[in-house]
Amino acid sequence: MRVPAICVFLAAALVAVVMVQPLEAADGKSVYLKKCGSCHRSGGEAEVFAPTKYASTQWVRFFQRDKHKRKKDISADYTPLELEAVKNYLVDHAADSDQPEAVGLR
Ligand code: HEC
115 MRVPAICVFL
125 AAALVAVVMV
135 QPLEAADGKS
145 VYLKKCGSCH
155 RSGGEAEVFA
165 PTKYASTQWV
175 RFFQRDKHKR
185 KKDISADYTP
195 LELEAVKNYL
205 VDHAADSDQP
215 EAVGLR
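The working numbering applies: residue 115 is where the sequence shown begins, and numbers increase by one.
Printed below as a string of structure tokens:
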């Protein structure tokens, strides 16, 4: 029996969606660990913080209003995709999230 093209397309789209999601999540975590962590680590120039530092709405606002700028302007060091990924990671593991992550940088 011949499989209709639309089924092949839908199956491929489903695989793509399933594969992309963990990749994005992993990416946000590595931006947080590597790039935010380059300053935010013990002995670094800024305080160590975990995603549970803020509630999810606070993280959203932090990025929306570029609040980091008040302490230090770091925006030029991040692509929009990196900022989106790290924001999503922090929101997903915020204090009021389903999977709070209290241990982050060291
Ligand atoms: C170039 C160094 C540097 C990098 C990179 C950096 N920060 Fe910071 N950050 C600072 C400094 C300096 C402060 C102010 C001192 C402190 O809070 O320890 C700060 C403060 C903060 C604060 C506290 C804000 C407040 O109002 O008290 C948060 C939250 C924060 N950074 C998040 C991040 C996130 C998220 C990233 C990665 C996207 C990041 N930082 C990357 C240097 C950096």
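The beta carbon of each residue, even a glycine, is placed where N, CA and C say it ideally should be. Computed from a predicted structure; not experimentally measured.
I want to check one thing, is the minimum distance from the CB of glutamate 159 to the heavy atoms of the ligand HEC below 7 Å? yes
Strictly by DSSP, which residues pair up with histidine 154? Ala160
Any heavy atom of the ligand HEC closer than 7 Å to the beta-carbon of valine 200? yes
Any non-hydrogen atom of the ligand HEC closer than 7 Å to histidine 207 Cβ: no
Taking the alpha helix (DSSP H) that lysine 201 falls in, what are its first and last residues? 194-206
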